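Read in order, the letters of the sequence shown are residues -27 to -1, 1 to 404 in mature numbering (1 follows the signal peptide of the UniProt record, and there is no 0).
Below is one structure; the comments refer to it alone.
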Amino acid sequence: MILRTRGLGFIMAALVVLALLVGACRWIDLDVSSPIDNLINIGAAPVASIPFCGNVTSPRRLTCPGTPTAPPPSQTTPPPTSGPAPPCPDYFRYIHDDLRPWRGAGITRASVERARRHANFRLVVVGGRAYVEKYRRAHQTRDVFTQWGIPAAAPPLPRPRSRPGHHVRLRRPPRVHAADFPAPAEAPPVFLYCNDAGWPEKNIRPWSQMLEEMRRESERVQWPERQPYAYWKGKLHVYRIRHELRRCNVSNDQEWNARLFTQDWKHAIRNGFKGSSIPKQCLYRYKIYIEGNAWSVSEKYILACDSPVLFVVTPFKDNLSRGLVAVDWGNKHPVQAQLIDYMLHLLTEYAKLLRYKPTVPKKVVEICSESIVCPTRGLHRECMMDSMESHFTGFSPRTLPPPFTKEEPKEIADREAEVLRNIENIERLAS
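Laid out in structure tokens, this is it:
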């Protein structure tokens, strides 16, 4: 279900519909947390033994080897395949759509340089080697784990001439607005951060592990046995729309059949993350997704619970929301449905649009698996190693589907508009 964002009324009306569906329900205690200023050091655990790190225990950055080191062998590594590669899911077509502003004039050096003020770091890939120039600090370790995804998860780009050079922003919301640029190609291309290696500061393990834990929890408690409420837990901070949603919580005066909890991460860290288990949140029949400062990284965990999700409509798009149909496909094809394909095709198509030859800037540092993982300790290192991709030996990317036709975007927009109209009709009937 999709909820409009025109204020509290629509949110409450949609929850009334849910109340009619689930009926009268019993009271449960709300989560109470207190601010704690002292945080524990999650990096103090002993260093795990990594074959290619040797005896390195100091935080210094290593020199990358002449030939990139392959990940440790895995028993799950699939055998090499023959014949044409299977096609990617249909939502990969949005790669063409996202790069459309630069399709005609291409991406110039000047437009890339204009992206500097919006970015946390710059990534350049030349000759199959990756280099990073850091501009400003990132929140926690977003920069480290975003960079980790390049050498650890991605094999060399399929075309030797592909030499992408781009900027990465590690904060939300996006800062590049199309309306500020009369010519679309003048807009600076900026990538937002993305990783599936987990979030050590929040005790969130790599995505593959979390998905398996959530699958087991969903199977343990079948949908009819789950709590008959719409559930949301997250950080309120200064996000107005989340504060409005919070007013829909159960109280002595109202029952909207919503169970909304505030997540205090300082308290969770101090308390050893008790009560903050993401798989344990799969115990409710319905989940709520609502943006924070922009799109929220909680989306994929909410979707993975195998419960109907109430979406508060947002202008932000990402490959998860675009590929909701592909989630079922990914569950049926766990080895093939990999983020690596999306990254490879996006970077390859981006590189095709470059109208200049990227060179290695003066203030860069070369990054590789060794230089990133070996200086780390504790949970940071565990998350990196657990997320290391080991399937790309003899494994070719799948085929990127063609762009949308001129008619297809309008058809998609019309279908979405029809869904929203139906939801608004339900809201009016329930109010």
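Every residue, glycine too, gets a C-beta built ideally from N, C-alpha and C.
Predicted, not measured: the structure shown is a model, and the values here were computed from it.
**Study point:** DSSP three-state assignment for Ile396, whether helix, strand or coil
**Key:** helix
Check your understanding: Closest by CA to Pro376, which one among Asp71, Cys26, Ala58, Pro59?
Key -> Asp71
**Study point:** Backbone CA spacing between Pro201 and Cys255 [nearest angstrom]
**Key:** 12 Å
Review point. Just to confirm, are Met357 and Trp205 a CB contact at a threshold of 8 Å?
Key: no
Review point. Val338 CB to nearest chain C CB: under 8 Å?
Key: Going by chain labels, chain C is absent from the structure shown, which holds only one protein chain.
**Study point:** Ala111 versus Ala103, Met183, Arg95, residue with shortest Cα-Cα distance
**Key:** Arg95
Point to revise | Distance, Gly207 Cα to Phe234 Cα | key: 7 Å
Review point. Comparing alpha-carbon positions, which option in Ala156, Glu343, Pro370, Thr372 lies nearest Met361?
Key: Glu343
Check your understanding: Mind checking Gly171: buried by the 16 CB within 10 Å criterion, or exposed?
Key -> buried
Review point. Of the choices Arg87, Val270, Glu159, whose alpha-carbon is the least far from that of Arg76?
Key: Glu159
Review point. DSSP on Leu184, reduced to helix/strand/coil?
Key: helix
Check your understanding: In the structure shown, what three-state DSSP assignment does Tyr204 receive?
Key -> strand
Check your understanding: Is Glu159 helix, strand or coil by DSSP?
Key -> helix
Review point. If Tyr104 sits next to Val337, beta carbons under 8 Å apart, how far is it from one beta carbon to the other, in whole angstroms?
Key: 4 Å
**Study point:** Terminal residues of the beta strand (DSSP E) in which Ile261 lies
**Key:** 257 to 262
**Study point:** Candidates Phe65, Val97, Ile68, Arg66, of which the one nearest Tyr329 by Cα
**Key:** Val97
Point to revise | Straight-line gap, Cys341 to Leu320 (C-alpha atoms, nearest Å) | key: 18 Å
Exercise for review: Would you kindly check if the distance between the Cβ of Val285 and the Cβ of Ile214 is under 8 Å?
Suggested key: yes
Review point. What separation, rounded to the nearest whole angstrom, lies between the Cα atoms of Glu389 and Thr119?
Key: 32 Å
Practice item. Give every residue of the same chain whose Cβ lies closer than 6 Å to the Cβ of Trp268, excluding the five residues on either side of it in the sequence, and list them in chain order. Key: Phe289, Asp291
Review point. Going by DSSP, what residues sit across from Thr235 in a beta bridge?
Key: Gly207
Exercise for review: Measure the alpha-carbon distance for His216 versus Ser224 and round it to whole angstroms.
Suggested key: 15 Å
Check your understanding: Since Trp172 sits in a beta bridge, which residues does DSSP pair it with?
Key -> Ile177
Point to revise | For Phe246, three-class secondary structure by DSSP | key: coil
Practice item. Just grab the DSSP bridge partners of residue 492 for me. Key: Residue 492 falls outside the range modelled here, since the chain spans only -27 to 404, and no answer is possible.
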